[in-house]
Amino acid sequence: MTVGSLVGASVRRKEDPRLVQGMATYVGDISLPGLLHARFVRSPYAHARFEITGQGNLGTDAHFYSWNDFKDSMSFKPLLKGLPNRPFLADGEVRMSGEPVGLVVASSLEQVYDLSEKIEVKYEPLPVAIDPEEAVKPGAPKVHAQLDSNLVRVTEEGDRADVEARIKASPVVVEQRIYNQRVAAVSLEARGIVADYNRGTGQLTIWLSNQAPHLSRSEFSKVLKIPEHKIRVIAPEVGGGFGSKIMVYPEELIIAAAAVKLGRPVKWLEGRSESMAATYHGRCQIDYLRLGATEDGIIQALDLRLVADIGAYASDDAIFIPTLTTTMASGCYAIPAISTRIEYVFTNTTPTTAYRGAGRPEAAYFVERIIDELAARLNMDPVEIRLRNFIKPEAFPYKSATGALYDSGEYASTLQTALDLLDYPAMRQKQAQHKAEAGGKLPARLLGIGIGSYVERGAMGFENAVVRINPDGSVSVFTGVSPHGQGSETTMAQIVADTFGIEMDRIEVSHGDTKDTPYGQGTYGSRSAAVGGSAVKITALSVKDKIKLLAAHMLEAAEADIEMAEGQVFVKGVPNRSVSFEKVVRAAYNPDKLPPGMEIGLESSRFFNAPDVVFPFGSHVCALEIDTETLDIKILNYVSVDDCGTVINPMIVDGQVHGGIAQGISQALYEQVVYDQTGQILSGSLMDYSFPNTRLLPNMQLGRTFTPSPRNPLGAKGIGESGATGSPPAVVNAVLDALRPYGISNLDMPLWPDRLWKILNDATGKA
Ligand code: MCN
100 MTVGSLVGAS VRRKEDPRLV QGMATYVGDI SLPGLLHARF VRSPYAHARF EITGQGNLGT
160 DAHFYSWNDF KDSMSFKPLL KGLPNRPFLA DGEVRMSGEP VGLVVASSLE QVYDLSEKIE
220 VKYEPLPVAI DPEEAVKPGA PKVHAQLDSN LVRVTEEGDR ADVEARIKAS PVVVEQRIYN
280 QRVAAVSLEA RGIVADYNRG TGQLTIWLSN QAPHLSRSEF SKVLKIPEHK IRVIAPEVGG
340 GFGSKIMVYP EELIIAAAAV KLGRPVKWLE GRSESMAATY HGRCQIDYLR LGATEDGIIQ
400 ALDLRLVADI GAYASDDAIF IPTLTTTMAS GCYAIPAIST RIEYVFTNTT PTTAYRGAGR
460 PEAAYFVERI IDELAARLNM DPVEIRLRNF IKPEAFPYKS ATGALYDSGE YASTLQTALD
520 LLDYPAMRQK QAQHKAEAGG KLPARLLGIG IGSYVERGAM GFENAVVRIN PDGSVSVFTG
580 VSPHGQGSET TMAQIVADTF GIEMDRIEVS HGDTKDTPYG QGTYGSRSAA VGGSAVKITA
640 LSVKDKIKLL AAHMLEAAEA DIEMAEGQVF VKGVPNRSVS FEKVVRAAYN PDKLPPGMEI
700 GLESSRFFNA PDVVFPFGSH VCALEIDTET LDIKILNYVS VDDCGTVINP MIVDGQVHGG
760 IAQGISQALY EQVVYDQTGQ ILSGSLMDYS FPNTRLLPNM QLGRTFTPSP RNPLGAKGIG
820 ESGATGSPPA VVNAVLDALR PYGISNLDMP LWPDRLWKIL NDATGKA
């Protein structure tokens, strides 16, 4: 039991006991009378025309559906004019391997597996486009035959001629092609849905492993043509999402449509290999950069051409995510002129969507890579080049050349704190000594130190909250955010407990069920603290105003003199003129005790609409060694100093940073979704796709600075994506730092030993 100032306290997560003791309910745990199971029949080809030629003997209580069974009842509109939509089941042509061509529904899981194997599909393979840069060349196979080209959309921002002139006029010009590979979210729980349609009430109830249940309800409503008040979406416990579960997938819409058709509950749980192929992937950008600078290293201009591989169909966020990259192309630096161009390309691969950071880690990665390249060109320390170009604290609010309006920042201070924690001068000295000892020969181990200073933008949109104090003094809080591992039940309870000066144990935070939570936008884009938390804060404050009014009446004092702390409501400076929190609450539900004109109860519902996004920032520093025989990389020290403004719960924030760094290091060193030339996914299971685990990860040393955001009442910025944003450049810059003396200045993630072995041996002439 904790009383007093809870915002800023490392309170243990309220949700963990049920999660770690197996007492939580996931979609997989949902079972209903008459439940039917479902399995999709998926294409083994990346591009083919197909025909369903037979369905075997389905027997009783089993059904097979193709797109023809749904196409008239589902609304099917493209995201943008000219951008082909994805039929929710393929319509005679598949454009990625794993695309569903049909659905089998039956009363047991064994039955659906058996029956789906018996569905006969005749495929006529078509040529494929896999590499996005090859896909735009003349004569390349087209993913969508009706389009002129796979290059489906091009957008440009900034004055390209001016930027080009500035780059030409710069004495130092650096250029790089920087690749941000395709990765998979690999949530512990893959996708899952149970949909139940009640023909009597016309009510559709959907349990969905999802990050944004209200937005999903709107989507189900639009596609199934059922009004929103007849749909209830419940995101029960969700075993991770990492951005991949913000949207509603075609498979999920089909399951809901099947439940409506059958008037029976239908359940689909995705398998792991199915998920690797069919849950939308992340990143997948190729960035071409040109940067001009003075001989002192002051950046003059930057040009970016971004090739976005959006896969076979545009996901809901496919167009938006690359714009987040271009918006953040200035990074932490005062770059006077920037021009950007995005080329959106269709390929015969899985569509791409949000993945932890969604567009911002890509920007941080190339900015940090190119600035290191500039430092190397000028023979300048990577710290020095950053300090010379950082946006200065007095320049905030700062409008970048890409139009982003940064709220607040102290970039040099996170970097300095990180360097101090690492003992940067000592590490550089060790590196120099190491080099000297090698005496010009390739040593057994190479030392490298890398920096990733980042700024990202998050916490967009609006959020709502309901705060209800029940007659017994317990508090029910409802929020439209939908945590799936972030611990928001705890942090929101901290905000409310702090506002009322009561114990946290009295507060229950509910989320994820559209029936009892206000319309909210869900959990993604590091928004739940800054936007959702702010909604909770202003709602709790409006209830507090009423408590003060009532207590002033009870204590015969002025409302302005009423304060609340440690479970008491009292007159400022006169603690013994007090009444307990419970007594005021009881009075609020007793008409006889209320001042004239006061409404019964203690409840409020408010929206918080963020005036603009916030810009969390930080600096990561990584020291590592490379075994020059095996090309194995061992991280020796990893320091991360992050600034997310006001911290609600430091322990949760640390956990978020740890998780993000795990994913970022893993992107740098281990993860990639790989397709062969025919579009077969070669990393389709966890035997072939390496995702982070503790054995592969170093100890992380965390530090923090506090620069509040002026854009919300908490002063909070997001932290959920920071770790994944700062870490890839820190690790890759460290490896490049070690390899630059051998003429190596560019590497593509992931830094697999076999790739590095070839590059290093080519460079040293060993191979
Ligand atoms: N917090 C805080 N003080 C702050 C900022 C945040 O105490 N100044 C707390 C929050 O109250 C919340 C947590 O830290 O408990 C994360 O908050 P926030 O940064 O607002 O991010 P969101 O809750 O909106 O989470 C989204 C973010 C994203 S975008 C991805 S992707 C991600 C992530 O969170 N996916 C995750 N963390 C994840 N963690 C788990 N376990 N699983 C995922 O799928």
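Just so we're aligned, residue 100 is where the sequence shown starts under the numbering used here, counting upward by one.
C-beta atoms are modelled at their ideal positions from N, C-alpha and C, and glycine is treated no differently.
Counting the other Cβ atoms within 10 Å of the Cβ of Ile751 gives 16 or more, which makes it buried.
Looking at the backbone, the Cα of Leu796 and that of Ala767 are separated by about 12 Å. Ranked by how close their Cα comes to the Cα of Asp386, the residues Gln275, Ile409 and Val444 have Gln275 in first place. Shown here, Ile266 sits in a helix according to DSSP, grouped into three states. In the DSSP assignment, Gly381 forms a beta bridge with Val282.
Under the DSSP assignment, Ala564 falls in the beta strand (DSSP E) whose first and last residues are Phe561 to Ile568.
Take Asp168, set aside five residues on each side of it, and the residues of its chain with a beta-carbon closer than 8 Å to its own are Lys360, in chain order. Here the distance from the Cβ of Phe419 to the nearest heavy atom of the ligand MCN is not below 7 Å. Shortest gap from the CB of Arg185 to any heavy atom of the ligand MCN: 7 Å or more. Taking C-beta atoms as the reference points, Arg468 and Pro828 count as a pair closer than 8 Å. From the listed residues Ala558, Gln585, Ala592 and Pro143, the smallest Cα separation to Ser573 is found for Ala592. Pairing Asn798 with Asn156, the inter-Cα distance amounts to about 57 Å. By DSSP's assignment, Ser677 forms a beta bridge with Phe669. Taking a contact as a CB-CB distance under 8 Å, the pair Thr446 and Gly502 does not count as one, their CB atoms being some 29 Å apart.
Your pair Ser507 and Pro199 does not check out as a contact, with CB atoms roughly 47 Å apart and the cut at 8 Å.
With respect to Lys636, Thr598 sits close: the two C-beta atoms are nearer than 8 Å.
Around Tyr769, the same chain offers Ser789 and Pro849 as residues with beta carbons nearer than 6 Å, after the five sequence neighbours per side are excluded.
Under the criterion of beta carbons closer than 8 Å, Val211 and Val220 do not qualify as touching, at roughly 16 Å. For the pair Thr449 and Gly783, the Cα-to-Cα distance works out to about 12 Å. Around the beta carbon of Arg111, fewer than 16 other beta carbons sit within 10 angstroms, so the residue counts as exposed. At a cut-off of 7 Å, the beta-carbon of Tyr623 counts as near the ligand MCN: some heavy atom of the ligand is closer than that. The DSSP assignment places complete alpha helix (DSSP H) segments of no fewer than 4 residues inside the segment 312-359 at 312-323, in order along the chain. Per DSSP, Asn792 lies in no alpha helix (DSSP H) segment and is marked neither H nor E. In the structure shown, the three-state DSSP call for Lys170 is coil.
In the structure shown, Ile760 adopts helical secondary structure according to DSSP, grouped into three states. Take the alpha-carbon of Gln154 and the one of Glu327: they are about 35 Å apart.
Looking at the DSSP output, Cys721 bridges to Gly549 and Tyr737.
According to DSSP, Ala815 shares a beta bridge with Gly744. Only exposed fits Asp787, as fewer than 16 other CB atoms lie within 10 angstroms of its CB.
Residue side-chain check: Gly133 keeps its Cβ at 7 Å or more from all non-hydrogen atoms of the ligand MCN. Boundaries of the alpha helix (DSSP H) harbouring Ala596: Ser587 to Phe599, taken from the DSSP string.
Rounded to the nearest whole angstrom, the CA to CA distance from Glu493 to Glu655 is 48 Å. For Arg138, the uninterrupted beta strand (DSSP E) segment begins and ends at Leu135 to Arg141.
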